[in-house]
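Heads up: the protein sequence lines correspond to chains L and S, in order.
Residues in the first sequence are numbered from 1 upward in steps of one, following my numbering.
Residues in the second sequence are numbered from 1 upward in steps of one, following my numbering.
C-beta atoms are modelled at their ideal positions from N, C-alpha and C, and glycine is treated no differently.
Note that the structure is predicted; figures quoted are calculated from it, not measured.
The structure under discussion appears below in the form of structure tokens.
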Amino acid sequence: MKNSDCILEMINVSKTFPGVKALDQVNLSIKKGSIHALMGENGAGKSTLMKILYGLYTPDAGGDIFFDGQPFSPKAPIDAIRSGLAMVPQEISPSANLSVAANFYLGREIKKGILMDQNAMNNQTNKILDELGIPMSVETLMQDVSVAKAQLLAIATAVSYNAKLIIMDEPTTALTESEVHQLYRIVKKVQQRGIAIIYISHKLGEVFELSDEVSVIRDGQYIGTKKTTDISKEELINMMVGREMDEMFQREDVTIGETLLDVRHLSLPGKFEDISFTVRKGEIFGIAGLVGAGRSEVVEAIFGYKAAKSGEIHLHGEQIDIRKPSDAIQHRIGFVTEDRKLTGLMLNMSVTDNMIMPELHPYEKNHLISESLASDVANTMKQQLRIKTPTVDTIIGNLSGGNQQKVLIARWLLLEPEILILDEPTKGIDIGAKAEIYKLIVELARLGKAIIIVSSEMLELLSLSDRVMVMAEGREVGIVDRENATQELILEMAAGGDVPAVQEQEMASQCQIKGVA
Amino acid sequence: MVKAMAATVRKTHYTEILNKYGMLLILVLLFAALSIKIEGFASLRNVFSILEQVSMFGIIAIGVTFAIVTGGIDLSSGAVVALASVVGATIVTGSEGYGMAIFAFGAAMFVGSICGLINGSITAFGRIPPFIATLGMMTMARGVAQLVSNGRPIDASSDAFTSIGDGSVFGVPGLVVIYVIVAVVCHIMMSRMTFGRHVFAIGGNVNTARICGVNVELTLLKVYVLAGALAGLAGAMLTSRAYAGNPTFGNMWELDAIAAAVIGGTSLAGGVGSVPMCIVGALIIGVMNKGLNMLGVDPYWQQIIKGMIIIGAVLLDAQKRKKA
């Protein structure tokens, strides 16, 4: 079965977890020196497959894996790395207190006698970064390096292991549009060195831009492999979801009512300054900007997670005081946070517990929480949002990302919110679940709720929002109406913060530009 | 595929049940083995004697379980036992009547609560890790106990007071009755009340707990006050049984309490634990102590065996979490 053209062959690989067959006889062949995209919905089994290759999971008996022509069964990541297989995880976690070069050589430091050879490590790191075209000082502490740069460094580290195959797990999740293009350049340079790449992604654009071949798995089963040049977007989507779907979400119109939320001159020094906007009933209000523009901080302040220093928040025309999340909850404001792991999930608790936490008293009988009442409500939500989980008592850590996100949305729906804030609601979520979440958001708007969405995905913002506020470096650049909003306009506003002089007049007619301090 | 899923679901149930009740099984086996080996081990008298021993550090273990479930710890409980015992004895010494006896119990719990309040305040508002906060309290409470008592035992031989520790209700020793009451109340608090759910939420993910509107500081404060009050109660119980208060009481009890919680499957990472399992953990320690004693095992060896069991329990817990 060994094919000399392939760096990696997986034949009939399966993996069973308690209660779930995560992979069912999956086949995958990666040609030497090619970029191979791996696609599939959340929970399809992509990560499981990659973890098997990286020695983190042991596959069920009965399958075969060949790497570079040899049978391959890594017991730990170090085995994989030694064989020439490196991984760039979705969420990289470098040692923040060490320098770039120190992180680069972590665990395999170059030594001179018993001491580390700092110069040699710096020089070597510099050399590789130069070759790949990543400009940066190797003595910078990792904590001062942006997420995007850290991602590029992780790729460079993988290259320096003399890897023959590098797995990249959704490398663009945390990156902005311009950073993504830099990443593409680096990925192509890596390929030019003869290194094969497995590129896991949810984004169709990336797959067509980068990959030579694309494989799809769905529900733990291998669907097929195609040359990227031989397949259309529609065909690829059909392979992934197994059903027809429009590429871009078409939302229906919703009648917009009176002003519900009125934010005036909200400021938190160092994070954002003088943010003012209103959101009306039934309106979907988008907030755009580059990573670090202060978007998340603004919504965190509205929810009271990190309260603003000055400014006013009015609800129903009355000023309200929000200092902590429980204030916001009392005013029926819900908040799906950006980082599921950090601020969303209680990983070792059940689906039910995760859902009901913001407000426990509806489930109380005689001051005691009624488990049956709580699981009834959780079951209703499970059906409504079509959450895939064996039971509502399942520990939420065992669910896929998309389903975890649905639980978190359900958490705030149970509050019957008037305002729902969603920060990156579809981050790391597959197309199928995305569309469901979009439909849900529009449905909530129709019910008269005011929705605020922070997103780095331009298409998502443009297709959902009635109006989009653009932020740059903590300032409000302007608010653009749905009819006038284009990707180019918003990107330009987000990138500079300043309005390009040539276009100023044209743009002034399109949007209300705020005075740029 | 459906069939395969069904099979794995069934298998899950077995491992889940084993995970959940494994320690209970070990307790039963341990007790059965010792009953066969030692004549009279399973006698009612011996069982009550074990339960009396267990009741005191078992009550502390319940408080410590709350702290550990939030992701914290309480190292001060042994010292709080000493302080509470000295305070209780000082009040009750030379007095008579149930009024003073109950007052002494109340005062002991109050002193414990104050220690807990300080632990909780430093942890919640000072953002000092509870390990450090309660380590400091451990030294301080022991010091205050020595100071108050001049380093000497204090007589507590009031009839009313000692009858609580020595007496019995329908044949069940008083200390065991107190343990049962505390366990039932705390179990309900932990598993069925908002407070308990918030305790789990904080241990599960403190950021999320905040986002969900949980008053993290107040909840932590309550947890450490509860742990302190229960340590104080244990101190009063010990005093009433020993007929004296003593600043050396409760030495290393905090470790037995933590061990009981951990053997019962409370995860030091937070978010996992329960009162019934904490009782099972305490009983395992109690049965083992008694059994090894009656077998005449060298006390030095007893310590070594206990240590191994604690490490074994934590290894088991780590194994479980790795699988999950």
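- At least one beta carbon of chain S lies nearer than 8 Å to the beta carbon of residue 358 of chain L.
- Annotation for residue 369 of chain L: 360 and 363 place their beta carbon closer than 7 Å to its own, counting only its chain and skipping 5 residues before and after.
- Scanning its chain for C-beta atoms nearer than 7 Å, with the 5 sequence neighbours on each side dropped, one finds around residue 283 of chain S the residues 27 and 54, in chain order.
- At a cut-off of 8 Å between C-beta atoms, residue 325 of chain L counts as an interface residue with respect to chain S.
- Shown here, residue 138 of chain L sits in coil according to DSSP, grouped into three states, outside any helix or strand.
- A buried status is given to residue 87 of chain S, since no fewer than 16 other beta-carbon atoms sit within 10 Å of its beta-carbon.
- DSSP places residue 78 of chain S in the uninterrupted alpha helix (DSSP H) bounded by 77-92.
- For a Cβ distance threshold of 7 Å, nothing in chain S lies close to residue 181 of chain L: the least Cβ distance comes to about 33 Å.
- Boundaries for residue 401 of chain L: no beta strand (DSSP E) harbours it, while the alpha helix (DSSP H) harbouring it runs 401-413, taken from the DSSP string.
- Taking CB atoms only, residue 335 of chain L has a neighbour in chain S less than 8 Å away.
- The C-beta of residue 169 of chain S has fewer than 16 other C-beta atoms within 10 Å across all chains shown, which makes the residue exposed.
- In this structure, the beta-carbon distance from residue 186 of chain L to residue 87 of chain L does not fall below 8 Å.
- Contact check for residue 333 of chain L against residue 285 of chain L fails: the beta carbons are separated by 8 Å or more.
- For chain S, the residues of the segment 356-390 of chain L that bring a beta carbon within less than 9 Å of one of its beta carbons are 356, 357, 358, 359, 360, 361, 364, 367, 368, 369, 370, 371 and 390, in chain order.
- Under the criterion of beta carbons closer than 8 Å, residue 56 of chain S and residue 238 of chain S qualify as touching, at roughly 6 Å.
- Excluding sequence positions up to five before and after residue 60 of chain L, its CB lies within less than 7 Å of the CB of 14, 15 and 16, all in the same chain and listed in chain order.
- The C-alpha of residue 291 of chain S is placed about 53 Å away from the C-alpha of residue 409 of chain L.
- Taking a C-beta distance under 8 Å as the contact criterion, residue 440 of chain L and residue 385 of chain L qualify as a contact pair.
- Distance from the CA atom of residue 38 of chain L to the CA atom of residue 229 of chain L, rounded to whole angstroms, is 15 Å.
- Nearest neighbour of residue 74 of chain S by Cα position, chosen from S:104, S:166, S:138 and S:240, turns out to be S:138.
- Residues are counted here when their Cβ sits less than 7 Å from a Cβ of chain S; for the segment 298-326 of chain L these are 305, 325 and 326, given in chain order.
- Where residue 454 of chain L is concerned, the enclosing beta strand (DSSP E) starts and stops at 450-454.
- For residue 201 of chain S, the nearest CB of chain L lies under 8 Å from its own CB, placing it at the interface with that chain.
- Proximity of chain L to residue 194 of chain S at the Cβ level (cut-off 9 Å) is accounted for by 360, 361, 364, 367 and 369, in chain order.
- Residue 169 of chain L is classed as buried because its beta carbon has at least 16 other beta carbons within 10 Å across all chains shown.
- Near chain L, meaning a CB-to-CB distance below 7 Å, no residue of the segment 274-297 of chain S qualifies.
- Proximity of residue 265 of chain S to chain L, defined by a Cβ-Cβ separation below 8 Å, is not satisfied.
- Taking one beta carbon from each stretch, the segment 400-415 of chain L and the segment 219-231 of chain S have fewer than 3 pairs nearer than 8 Å; the two do not touch.
- Of all alpha-carbon atoms in S:233, S:258 and S:76, the one lying nearest the alpha-carbon of residue 136 of chain S is that of S:76.
- Residue 115 of chain S does not reach chain L, its nearest Cβ partner there being about 28 Å away, counting only Cβ pairs nearer than 7 Å.
- Its chain contains 35, 36, 37, 199 and 228 as the residues whose beta carbon lies nearer than 7 Å to that of residue 211 of chain L, once the 5 sequence neighbours on both sides are disregarded; these appear in chain order.
- Under a criterion of Cβ atoms nearer than 9 Å, no residue of chain S is adjacent to residue 65 of chain L; the nearest Cβ is some 21 Å distant.
- The Cβ neighbour count for residue 67 of chain L, taken over all protein chains shown within 10 Å, is at least 16; the residue is labelled buried.
- Around residue 186 of chain S, no beta-carbon contact reaches into chain L at under 9 Å, the shortest distance being about 14 Å.
- Bounds of any beta strand (DSSP E) do not take in residue 110 of chain S; it lies within the alpha helix (DSSP H) bounded by 98-124.
- Beta-bridge annotation (DSSP): residue 213 of chain L is paired with L:36 and L:227.
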